[in-house]
Amino acid sequence: MNSELDYYENFEELHGVLMYKDFVKYWEDVETFQARPDDLVIATYPKSGTTWVSEIAYMIYKEGDVEKCKEDVIFNRIPFLECRKEDLMNGVKQLDEMNSPRIVKTHLPPELLPASFWEKNCKIIYLCRNAKDVAVSFYYFFLMVAGHPNPGSFPEFVEKFMQGQVPYGSWYKHVKSWWEKEKSPRILFLFYEDLKEDIRKEVIKLIHFLERKPSEELVDKIIHHTSFQEMKNNPSTNYTTLPDEIMNQKVSPFMRKGITGDWKNHFTVALNEKFDKHYEEQMKESTLKFRTEI
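If you want the numbering used here, it's the position in the sequence shown, counting the first as 1, plus 110.
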């Protein structure tokens with residue numbers, strides 16, 4: 111089979127954005143999803159620290175009770191809205207059956223987020239991460255998660271990433287379109303690099319955004335429980351409960367490194383120059399600025 115055709119076998123375009131075929135097949139369920147006013151949406155482009163910020167938010171909701179956070183795996187506690195795999199996974203169904211207040215995970219760009227979330231004026235946390243580290247993380251994700259084609263060599267994959275030929279399409283469009291909403295008081299726009307640099311400051315920001323009171327004890331508990339090492343060793347956040355057929359952590363752990371600047375171990379000088387040139391072109395009209403090291 112032609113390797114190009116093979117690459118797109120499980121992907122399909124949805125309103126100009128490349129997506130997983132199974133998600134597109136049941137798109138109507140997502141589009142007509144009924145939000146509730148007290149829903150909290152956690153939106154990210156894939157591989158940007160979704161699990162990390164989700165666990166922080168969940169801990170804030172549970173007032174720092176670690177045991178409550180370990181009662182179930184994170185993908186049951188915080189369902190993935192558009193995720194659908196026949197009867198195996200159904201984010202919409204999970205959410206419909208949940209009591210309020212719900213935390214909703216999504217990777218959708220704002221123009222594809224169900225209208226109901228905007229109509230109900232739900233709070234949204236958007237976390238983004240610099241493109242180079244996202245590309246590296248996405249590459250390993252392709253290698254370890256079922257349903258993804260062989261990404262080829264890292265430079266080949268980066269080419270696909272630059273052209274938006276990966277699930278959820280262009281990173282550049284995604285971050286820019288969410289950035290345009292950043293002025294809304296209902297949206298908290300966060301950077302992965304800021305969380306790495308000063309987690310305490312960002313946790314306090316999150317607590318205020320969620321209208322809770324930040325005590326030192328609560329902040330300390332959250333920082334400890336959501337540290338990379340703790341989450342990597344925690345079966346309720348590290349996805350090890352999924353079988354190898356779905357997510358093969360022998361190939362690459364889901365919680366791989368959790369650092370800023372790992373791209374330096376993967377980008378050659380030539381690839382980096384090419385990427386930077388393209389990046390500048392894509393981002394020149396935007397006021398959004400990222401740090402690729404801290």
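Where is the CB? At the ideal position from N, CA and C, for every residue including glycine. Just so it is clear, the structure is predicted and the values come from calculations on it, not from any experiment.
Take Glu403, set aside five residues on each side of it, and the residues of its chain with a beta-carbon closer than 7 Å to its own are Thr370, Gly371, in chain order. The C-alpha of Val313 is placed about 12 Å away from the C-alpha of His334.
Closest by C-alpha distance to Glu221, out of Val329, Val176, Phe319, Leu124, is Leu124. Looking only at Asp354, Tyr249, Tyr130, the smallest Cα-Cα distance to Glu196 is reached by Tyr130.
For Lys203, the enclosing alpha helix (DSSP H) has its first and last residue at 201-206. Note that the C-beta distance between Trp281 and Tyr155 is below 8 Å. Taking a contact as a CB-CB distance under 8 Å, the pair Phe271 and Phe248 counts as one, their CB atoms being some 7 Å apart. Of all alpha-carbon atoms in Phe385, Pro363, Ser362, Phe364, the one lying nearest the alpha-carbon of Trp373 is that of Phe385.
With distances taken between CA atoms, Gly174 lies nearest to Glu326 out of Glu326, Lys394, Lys342. Leu128 and Ile213 do not touch by the CB rule: their CB atoms are close to 26 Å apart, not below 8 Å. By the CB criterion at 8 Å, Leu237 and Thr350 fall outside the cutoff.
For Leu124, the uninterrupted beta strand (DSSP E) run begins and ends at 121-124, by DSSP. The C-beta distance from Lys157 to Val244 rounds to 5 Å, short enough to meet the 8 Å contact threshold. The beta-carbon separation of Ile188 and Arg322, rounded to 17 Å, does not stay under the 8 Å limit for a contact. Secondary structure of Tyr168 (DSSP, three-state): helix. Distance between Ile356 and Met208, taken at the CA atoms: about 25 Å. Looking at the backbone, the Cα of Asp354 and that of Phe364 are separated by about 12 Å. About 7 Å separates the CB atoms of Lys331 and Val176; that is less than 8 Å, so the two are in contact. Taking the Cα positions, Ser287 is about 15 Å away from Asn240. A direct Cα-to-Cα measurement between Ala380 and Pro261 gives close to 20 Å. Under the three-state reduction of DSSP output, Thr161 falls in the helix class.
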